[in-house]
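**Q**
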Amino acid sequence: MNIGNVLGTKPYIRVGGNTQDYALYNASLSASLNGTYDVSRSPDYPTTIHIGSSYFESYSTWPGVKFSHGFNLGLGGNRSEGWQTLLDTVPLVCKTLGLEKLYAWQYGNEPDLYSTSSQGPVRPPSWNETTYVEQWLNGTRKIKELLQTHCPEVVSSNRYEYIAPAFAGVNNHLKAPIAWKDGLDEDGNIGLFSSHNYISGATSPGVTLQGTLMNHSRTMQSVNAHVDEFKKIFPSGDLNTASPRLILGETNSLYNQGKPGLSNTFGAALWGVDFALYCASVGIGRVHYHMGTNYRYASWQPVDTDKAVKGTKAPYYGNMAVAAMIGNATDQPVSIAHVPIAGGDEREAVYAAYVGDSLSRIMVINFVGYNTTVNGTGLGLAGNPVAGRKSRRYTFEVGPSVRKVSVQRLMANGSDAITGVTWDGYSFNYELEQGDPVLLTNVTRGEVLQTTAGRVSIDVLDSSAVMLSMSGGDS
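Residue 9 in the UniProt record's numbering sits at position 9 of the sequence shown, and the numbers go up by one each step.
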């Protein structure tokens with residue numbers, strides 16, 4: 001609701017991920033979902049899953065939200081029970097979503113890992129792009145046939161399109177350019193070219209908050225790899241007008257659901273701002289942040305469990321800052337530009353938001369680490385006095401017609417903080433008003449800067465971000 005109020009439209013929700021390729025339908029199941037964990041495969045989600053008819057009622061939880069639904073290719077492409085699940089669930093989900101709630105379809109998740117997955121391969125070593133395309137076309141054609149029978153309005157509208165190929169990355173066993181050449185979009189129904197991205201892994205050697213997440217160069221390099229791959233398939237044209245549109249259908253900080261002390265910190269919130277805005281600046285049309293119960297990189301935890309308590313997490317505040325930077329795009333289209341910094345380094349990033357040709361907002365991210373907890377873990381206050389928090393000054397040419405600039409800050413006690421985060425002086429803590437914004441009295445807000453000769457200067461504390469909003473006419 002908070003993000004939707006700022007953007008003018010609620011976020012689109014992708015339902016799926018690895019678990020969509022484990023889910024089998026059981027019409028006699030009274031519960032919505034019955035999942036069995038095998039911790040040797042994954043401690044974070046069940047890998048044996050049965051869903052009942054009531055599962056689809058969950059699509060009515062958030063009114064006014066559009067969803068993509070993920071069908072099971074992992075088991076559906078080569079097992080009878082998986083294929084039967086497709087036949088049984090297409091009518092159920094299309095009637096539940098209808099045109100009002102439907103965003104797109106997805107058939108299979110990360111099929112480039114089907115023969116190599118650490119959660120257990122579901123294809124032989126001979127698995128290749130040609131076989132994948134054959135199975136994908138076979139399944140999507142059956143989906144269309146079922147939709148024409150049970151929900152013909154979905155097929156006749158412009159809502160019949162797929163998110164694909166939904167590969168886990170650009171350097172895995174299957175390659176998107178080869179799959180495309182082999183005819184993946186032979187039927188012309190892929191509306192969103194989806195790839196998945198993680199900056200690194202939760203257990204990857206050498207992963208740190210400063211060097212991995214609070215590192216603008218690392219983020220650019222990671223995102224640019226997807227742009228380069230897309231341009232190999234579609235070498236001409238502007239990404240902002242390309243068809244299909246390039247999106248990141250799944251992303252977050254560190255794969256395997258994130259790492260405590262990194263993915264759940266304020267530094268990860270700053271990373272999320274940088275990542276989303278850089279994606280927008282290079283023409284990526286949409287970014288779906290991956291979330292789940294007990295996940296370390298989740299923006300919020302919806303329920304209490306034996307592993308995590310219900311509440312708003314630090315990354316959520318980064319989501320709110322990005323929403324504010326984009327603004328109400330349903331009212332006026334917004335474009336995001338990446339602003340190079342003369343003499344800058346990998347510990348800072350600047351973006352500009354334009355409405356038409358007019359500069360509207362500037363986002364400045366200062367990634368210089370400032371830790372206040374034990375060894376920067378986010379757990380417990382450091383025993384020794386922490387050195388004073390420094391800042392960096394930035395000066396921008398905003399034009400002579402801009403007279404005043406308002407300031408909104410994304411703040412916490414340090415990059416390693418996991419609580420005490422604010423956006424523009426507001427807390428969204430669940431403990432206060434169940435996630436609704438609460439204005440805190442001990443946080444500075446409402447700053448207004450005056451321009452001088454068309455310039456404005458701002459001091460940005462280490463491990464923080466600032467958004468500047470222009471007023472006074474075109475610039």
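Note that beta-carbon positions come from the ideal geometry of N, C-alpha and C, so glycine has one too.
1. Out of curiosity, what's the CA-to-CA distance linking R218 and V93?
2. Would you give the residue range spanned by the alpha helix (DSSP H) that K390 belongs to?
3. Locate the alpha helix (DSSP H) running through R141, then write down its first and last residues.
4. Of the residues D459, Q119, I284 and H290, which one's Cα is nearest the Cα of S263?
5. Can you tell me where the alpha helix (DSSP H) holding P177 begins and where it ends?
6. Starting from I284, follow the alpha helix (DSSP H) in both directions and report where the run begins and ends.
7. The alpha helix (DSSP H) spanning residue 487 covers which residue range?
8. Using the C-alpha atoms, what's the distance from Y255 back to S68?
9. Do A168 and H196 come within 7 Å of each other at the CB atom, strictly closer than that value?
10. By alpha-carbon positions, which one of S54, E81, Y114 and Q106 ends up nearest to T96?
11. Which first and last residues belong to the alpha helix (DSSP H) in which Y107 is found?
12. Could I get the ranges of all uninterrupted beta strand (DSSP E) runs contained in the segment 276 to 351, with 3 residues as the minimum, in chain order?
13. Would you call I341 buried or exposed, if buried means 16 or more other Cβ atoms sit within 10 Å of its Cβ?
14. Would you give the residue range spanned by the beta strand (DSSP E) that I418 belongs to?
15. From S222 to Y198, what distance separates their C-alpha atoms?
16. Tell me which residues share the same chain as H288 and place their Cβ nearer than 6 Å to its Cβ, disregarding the 5 neighbours each side in the sequence.
17. Nearest to G188 by CA position, among Y162, S401 and L209, is which residue?
18. When the Cα of G399 is compared with those of D228, G388 and A453, which residue comes out closest?
19. Answer yes if the segment 21 to 39 comes into contact with the segment 337 to 351, meaning at least three C-beta pairs across the two stretches below 8 Å, and no otherwise.
20. Looking at the structure shown, is K10 part of a helix, part of a strand, or coil, going by DSSP?
21. What is the residue span of the beta strand (DSSP E) that E433 lies within?
22. From L184, H173 and A329, pick the residue whose C-alpha is nearest to that of P165; which is it?
23. Which partner residues does V398 have in the DSSP bridge list?
**A** Looking at the coordinates:
1. One-based indexing of the sequence shown puts residue 218 at position 218. One-based indexing of the sequence shown puts residue 93 at position 93. So the alpha carbons of these two residues sit roughly 39 Å apart.
2. Counted from its first residue, the sequence shown places residue 390 at position 390. Where K390 is concerned, there is no enclosing alpha helix (DSSP H), given that its DSSP letter is neither H nor E.
3. Against the sequence shown, residue 141 aligns to sequence position 141. Residues E129 to H150.
4. The count along the sequence shown starts at 1 and reaches residue 263 at position 263. Nearest option by C-alpha distance: H290.
5. Taking the first residue of the sequence shown as position 1, residue 177 is located at position 177. Counting along the chain, the alpha helix (DSSP H) containing P177 begins and ends at A176 to K181.
6. Against the sequence shown, residue 284 aligns to sequence position 284. Per DSSP, I284 belongs to no alpha helix (DSSP H) and is neither H nor E.
7. Shown here, the chain extends from 1 to 475; a query on residue 487 therefore has no answer.
8. Within the sequence shown, numbered from 1, the residue matching residue 68 stands at position 68. Within the sequence shown, numbered from 1, the residue matching residue 255 stands at position 255. Distance between the alpha carbons of S68 and Y255 is about 21 Å.
9. Numbered from 1 along the sequence shown, position 196 holds the residue referred to as residue 196. Numbered from 1 along the sequence shown, position 168 holds the residue referred to as residue 168. For H196 and A168, yes; Cβs fall inside 7 Å.
10. Counting from 1 along the sequence shown, the entry for residue 96 is found at position 96. Checking every option, the nearest Cα to that of T96 belongs to S54.
11. What you label residue 107 is simply residue 107 of the sequence shown in a count that begins at 1. For Y107, no alpha helix (DSSP H) encloses it; the enclosing beta strand (DSSP E) starts and ends at L102 to Y107.
12. Listed in chain order, they are 287 to 289 and 334 to 338.
13. The sequence position of residue 341 within the sequence shown is 341, counting from 1. So I341 counts as exposed.
14. Position 418 of the sequence shown, counted from the start, is the residue given in the question as residue 418. Counting along the chain, I418 falls outside any beta strand (DSSP E), and DSSP gives it neither H nor E.
15. Locating residue 222 in the sequence shown gives position 222, where the first residue counts as 1. Locating residue 198 in the sequence shown gives position 198, where the first residue counts as 1. S222 and Y198 have their C-alpha atoms spaced approximately 8 Å apart.
16. Residue numbering aside, residue 288 sits at position 288 when the sequence shown is read from its first letter. So the list reads R14, G249 and E250, once near-sequence residues are dropped.
17. Residue 188 sits at position 188 when you count from the first residue of the sequence shown. Taking only the C-alpha atoms, the option nearest G188 is Y162.
18. Position 399 of the sequence shown, counted from the start, is the residue given in the question as residue 399. That would be A453, whose Cα lies nearest to the Cα of G399.
19. In this structure the segment 337 to 351 does not lie against the segment 21 to 39, because fewer than three pairs of beta carbons, one per stretch, are closer than 8 Å.
20. To locate residue 10, count along the sequence shown from 1; it is residue 10. Residue state, collapsed to three classes: coil.
21. One-based indexing of the sequence shown puts residue 433 at position 433. Note, E433: premise wrong, no beta strand (DSSP E); alpha helix (DSSP H) at Y430 to E433.
22. Counting from one through the sequence shown, the residue named residue 165 turns up at place 165. Ranking L184, H173 and A329 by CA distance to the CA of P165 puts L184 first.
23. Here residue 398 refers to the residue found at position 398 of the sequence shown. According to DSSP, which records beta bridges pairwise, V398 is partnered with nothing at all.
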